[in-house]
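Let me begin by presenting the structure, written as structure tokens, before commenting on it.
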Amino acid sequence: MSVPIGSYFLEREQPALSLEEAKVVERFHDLYYRRWSQQGADTINLSWFGYETLKCPLDLWIYQELLVATRPDIVIETGTWFGGSALYIAMLLEQIGDGEIITIDVEVKPNRPEHRRIKYLTGSSTDQAIVAQVTSLVGGKRSMIILDSDHRASFVYDELIAYSPLVQVGDYIIVEDTNVNGHPAWPDFGPGPTEALQKFLAENNEFIIDRCCERFLMTLNPGGYLRRNRPGITSSKDTERVE
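Using this note's numbering, the first residue of the sequence shown is number 6, and each one after it goes up by one.
Written as structure tokens, this is what we have:
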């Protein structure tokens with residue numbers, strides 16, 4: 006049974022950090038990520054109902070807020086891994102009472118969770134056949150996009166180009182792991198999600214970075230919460246959005 010949804014949603018601009026505060030956040034972020042990437046600690050290895058996902062729990066709370074506030078018909082996730090995040094989102098959608106998640110990966114991991122609101126697709130998220138299938142499934146419905154597969158800049162950029170037209174005004178694309186390549190974690194990663202975002206945002210003015218989604222200070226996705234603020238040339242359904 007779904008839970009009645011309240012009316013408390015935070016959208017106000019957050020006060021800026023001082024230089025010293027920003028340094029503290031960066032140092033903690035570096036430690037948090039380095040503990041996982043270099044020291045074998047489970048800082049981002051999370052279990053949701055016994056299924057693995059690689060996330061920061063503070064980001065998952067933001068996911069919940071965005072899902073409840075925007076109530077997308079379809080969530081598109083690239084990068085299924087073991088399915089923990091797909092199950093998390095599916096269970097939230099179940100409580101909301103509507104919506105489904107389409108999750109895409111090139112690899113089928115064993116023992117993935119089954120849920121009536123999860124649809125698995127196997128293949129590359131940038132493959133033309135996969136993009137066409139997802140586009141057909143979305144149709145004119147409202148969607149949220151979560152990009153968490155191959156983190157090379159060229160690949161993430163291609164994902165942004167492929168899936169951004171599916172997002173309507175007021176809805177979100179979340180680009181995961183923008184912290185790598187020295188932002189501030191994993192400085193030797195090479196061009197990654199942040200570099201893809203910089204190129205994407207330089208080429209259009211249809212999305213803005215929602216810094217309110219970073220208000221918990223620790224996020225694996227700094228600058229990665231994008232909200233569409235105006236219709237795009239290829240997103241004609243924006244004018245038909247039904248509240």
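In this text, a Cβ means the ideal position worked out from N, Cα and C, and glycines have one as well.
Legend entry - Minimum length 4: unbroken alpha helix (DSSP H) runs contained in the segment 131-164: 133-143
Inset, instruction - Using the Cα positions of L202 and S52, report the straight-line distance between them to the nearest angstrom. - result: Stepping through the sequence shown from its first residue, residue 202 is reached at position 197. Stepping through the sequence shown from its first residue, residue 52 is reached at position 47. So the alpha carbons of these two residues sit roughly 29 Å apart.
Legend entry - Beta-carbon proximity of I150 to I107, cut-off 8 Å: The residue given as residue 150 occupies position 145 in the sequence shown. The residue given as residue 107 occupies position 102 in the sequence shown. No.
Legend entry - Minimum length 3: unbroken beta strand (DSSP E) runs contained in the segment 31-106: 50-53, 56-59, 79-83
Legend entry - A158 versus P227 - alpha carbon distance: Position 153 of the sequence shown, counted from the start, is the residue given in the question as residue 158. Position 222 of the sequence shown, counted from the start, is the residue given in the question as residue 227. Using only the alpha carbons, I get a separation of about 15 Å.
Inset, instruction - Please name the residue or residues paired with T127 in a DSSP beta bridge. - result: As a first step, residue 127 must be located in the sequence shown, where it is residue number 122. Answer by DSSP bridge pairing, in chain order: D110.
Legend entry - Host alpha helix (DSSP H) of L206 (start-end): To locate residue 206, count along the sequence shown from 1; it is residue 201. Segment 198-208, the alpha helix (DSSP H) holding L206.
Inset, instruction - In angstroms with no decimal places, state the Cα-to-Cα distance between L22 and Y38. - result: For the purposes of this step, residue 22 is taken as residue 17 along the sequence shown, with counting starting at 1. For the purposes of this step, residue 38 is taken as residue 33 along the sequence shown, with counting starting at 1. Rounded to whole angstroms, L22 to Y38 spans 21 Å at the Cα level.
Inset, instruction - Compare the beta carbon distance of G145 and K114 with 8 Å and say whether it is the shorter of the two. - result: For the purposes of this step, residue 145 is identified with residue 140 of the sequence shown, where counting begins at 1. For the purposes of this step, residue 114 is identified with residue 109 of the sequence shown, where counting begins at 1. Not closer than 8 Å, so no.
Legend entry - Candidates V185, G102, S154, N116: closest to T224 by CA position: Along the sequence shown, one-based indexing puts residue 224 at 219. Closest option to T224, Cα to Cα, is V185.
Legend entry - Residue span of the beta strand (DSSP E) that contains I179, given as start and end: The residue given as residue 179 occupies position 174 in the sequence shown. Residues 177-180.
Legend entry - L36 versus Q138 - alpha carbon distance: Counting from one through the sequence shown, the residue named residue 36 turns up at place 31. Counting from one through the sequence shown, the residue named residue 138 turns up at place 133. Approximately 40 Å between the Cα atoms of the pair.
Legend entry - Three-pair Cβ contact test at 8 Å for the segment 63-70 versus the segment 126-141: no
Inset, instruction - Please name the residue in I109, F54, G197 whose C-alpha comes closest to that of V136. - result: Within the sequence shown, residue 136 is the residue found at index 131, counting from 1. Closest by alpha carbon: I109.
Inset, instruction - Select from V174, E208, D132, P170 the residue whose C-alpha is nearest the C-alpha of D155. - result: Start at 1 with the first residue of the sequence shown, and residue 155 comes out as number 150. Measuring from the Cα of D155, the nearest candidate turns out to be D132.
Inset, instruction - Decide if L24 is buried, meaning its Cβ has at least 16 other Cβ atoms within 10 Å, or exposed. - result: Here residue 24 refers to the residue found at position 19 of the sequence shown. Looking at its Cβ environment, which holds fewer than 16 other Cβ atoms inside 10 Å, L24 is exposed.
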